[in-house]
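Residue numbers (the numbering used here): -5 to 589.
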């Protein structure tokens, strides 16, 4: 059953960019949603708006654990009053959830089978009805917006006698004309890997299953990239807390929930190494890290009120450069692009978009794939597990389980274009470490510590007869979890939980020997709660001592500087600081900047 919601186009010649709908600034006392993230930087000028859908309710009645979401469909028409080119296109969406009881839910937005947004929702409180705003820069997808098409939003919310809160939403595209602004170079074509006109996440139950699509592309592709998201679900939801099968039994009592039940901090086997593998016609084409998102029902819901974990409401896609394969894709034959999640263990939901840039003058390009060390290094890129357990008197235990992975690869390709010969070289180095320690010093006390870090360095160099341009990106995903579990006489227990999460993205462009554009994004969060669980670990019976802090800082060579810190206590905002460390202690975002 599909729902067709209000369709058509509503154009608004809007106020200047500063007056547009934007993420509200958190204020002291807020209890709904309070995040420190920066909004998408906006160019100068008056934009126009294309409404996608408005005031839609996701309130289907049925089994609240059902995964059979009912899409809400809508029709898109391009903005005739600012037909392009556009300096920037921004997707904006607003959500709210009624006070009451409801799970965190996954939501995704699609146009012509291409994913434009992916995230999850905030859980409500008995007397708290959260509302929140999300944004995404979709300028690279501008080719999608030039013509009318079918769209849909999928939000898997179900209402029953126990989970009674409906979720509501609206979305629009905001177009900034290029007049007076630098015009970007968006992709000429955008395709969703799902391969249908609707678009939807694809579930992969294990590492053998794949999201894939076969394409026959134009013969003048000169650049190609893949935007992808791999969202952990079910047993894999807190995959970073899972452990190698061999270590399940000695660490079972440290868990806060029954094995594989989807309850808070359940114990799960299958290991904790996850990575995305991309292939073209079965040939390895790239690896991508998996960000350890924690949703607002994850681990302990009291950790995420009112500030959710990083990116929980708005996932950041990972962009993989596939340009070295352009010559292969230009041969006029069908080719299959596939995405798998290494280590997936029930299960991951995957979305991916292929972006294609074409040569503006030549109809057919030729070249070759020059090097692909990834195709010959599969065994070397596998994770390794190291363990040590020491048992003492009276049943005490100390143990350590480390899962480690490190690897590098180089993929290079050559292409004859209208600008001459172009050689593109993609090099990646990754380091992954999940270090878990377990300490059972007395009969009723279990201490667990998880220190995980994923570090990725991507270097893309483009060489012509005239020069070499290099782009370097360094991603860092630190995660620390401390749990002190005190078991009581009747088997119920209290867990003192602290989580620290980070997202760091540093980029630098170099042309010849001269330093070009650079940007640094540093997003950090810490959250703590002292929580009571029942004897089975299947329910939370009380919570206290909640406090947290998110700090966000962005700066770049265009002059953008944005800093904000939000501090919470007892599920309410207690302090907000903005602009600290920026010129004049004021946030400023250049319209050409990208998050």
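Glycine included, each C-beta is placed from N, C-alpha and C at the ideal position. Treat the numbers as computed from the prediction; the structure is a model and nothing was measured.
Which listed residue (the options) has its alpha carbon closest to that of residue i
i: residue 437; options: 447, 481 and 470; result: 481
i: residue 171; options: 213, 156, 37 and 221; result: 37
i: residue 263; options: 153, 337, 144 and 422; result: 337
i: residue 142; options: 176, 69, 158 and 295; result: 69
i: residue 150; options: 357, 195 and 177; result: 195
i: residue 85; options: 44, 465 and 510; result: 44
i: residue 103; options: 345, 80 and 61; result: 345
i: residue 327; options: 343, 421 and 214; result: 214
i: residue 430; options: 488, 183, 140 and 235; result: 235
i: residue 224; options: 311, 166 and 140; result: 311
i: residue 83; options: 129, 54 and 342; result: 129
i: residue 485; options: 532, 470 and 448; result: 532
i: residue 230; options: 217, 201 and 469; result: 201
i: residue 216; options: 585, 413, 87 and 424; result: 413
C-alpha distance - residue i paired with residue j, whole-angstrom precision
i: residue 460; j: residue 404; result: 23 angstroms
i: residue 363; j: residue 411; result: 15 angstroms
i: residue 111; j: residue 92; result: 22 angstroms
i: residue 335; j: residue 75; result: 43 angstroms
i: residue 540; j: residue 564; result: 5 angstroms
i: residue 401; j: residue 274; result: 20 angstroms
i: residue 147; j: residue 105; result: 9 angstroms
i: residue 450; j: residue 464; result: 16 angstroms
i: residue 454; j: residue 367; result: 15 angstroms
i: residue 210; j: residue 361; result: 17 angstroms
i: residue 627; j: residue 296; result: This structure cannot settle anything about residue 627, because the visible part of the chain is limited to -5 through 589.
i: residue 301; j: residue 280; result: 34 angstroms
i: residue 473; j: residue 445; result: 6 angstroms
i: residue 330; j: residue 221; result: 16 angstroms
i: residue 206; j: residue 568; result: 47 angstroms
i: residue 51; j: residue 189; result: 27 angstroms
i: residue 582; j: residue 197; result: 40 angstroms
i: residue 547; j: residue 390; result: 44 angstroms
CB of residue i within 9 angstroms of CB of residue j, strictly
i: residue 267; j: residue 428; result: yes
i: residue 284; j: residue 314; result: no
i: residue 371; j: residue 419; result: no
i: residue 655; j: residue 186; result: The first residue shown for the chain is -5 and the last is 589, placing residue 655 beyond what the model contains.
i: residue 514; j: residue 542; result: no
i: residue 545; j: residue 519; result: yes
i: residue 117; j: residue 299; result: yes
i: residue 250; j: residue 479; result: yes
i: residue 556; j: residue 204; result: no
i: residue 56; j: residue 152; result: yes
i: residue 306; j: residue 114; result: yes
i: residue 136; j: residue 78; result: yes
i: residue 421; j: residue 452; result: yes
i: residue 350; j: residue 212; result: yes
i: residue 72; j: residue 140; result: yes
i: residue 124; j: residue 27; result: yes
Status (buried if at least 16 other CB within 10 Å, exposed otherwise) for residue i
i: residue 483; result: exposed
i: residue 432; result: buried
i: residue 575; result: exposed
i: residue 23; result: exposed
i: residue 239; result: exposed
i: residue 587; result: buried
i: residue 98; result: buried
i: residue 243; result: exposed
i: residue 227; result: buried
i: residue 90; result: buried
i: residue 193; result: buried
i: residue 176; result: exposed
i: residue 358; result: exposed
i: residue 4; result: For residue 4, the pLDDT reaches just 36, beneath the cut-off of 50, and the residue's location in the model is therefore unreliable, although a value from the coordinates is still provided. The residue in question, residue 4, is exposed, as its Cβ has fewer than 16 Cβ neighbours within 10 Å.
Contact set for residue i: own chain, Cβ-Cβ below 6 angstroms, skip 5 residues either direction
i: residue 492; result: 476 and 522
i: residue 618; result: Nothing can be reported for residue 618, as the shown portion of the chain is limited to -5 through 589.
i: residue 512; result: 502 and 551
i: residue 580; result: 573
i: residue 178; result: 133
i: residue 384; result: 392
i: residue 571; result: 559
i: residue 41; result: 8, 168, 169 and 170
i: residue 535; result: 526 and 528
i: residue 343; result: 195, 197, 225 and 227
Neighbourhood of residue i by C-beta, 8 angstroms cutoff - its chain only, sequence neighbours within 5 removed
i: residue 247; result: 434 and 440
i: residue 95; result: 118, 120, 156, 157, 158 and 159
i: residue 265; result: 236, 237, 238, 239, 337, 339, 377, 379 and 397
Below-9 angstroms beta-carbon distance, residue i vs any chain C residue
i: residue 134; result: Judged by its chain identifiers, the structure shown contains no chain C, having just a single protein chain.
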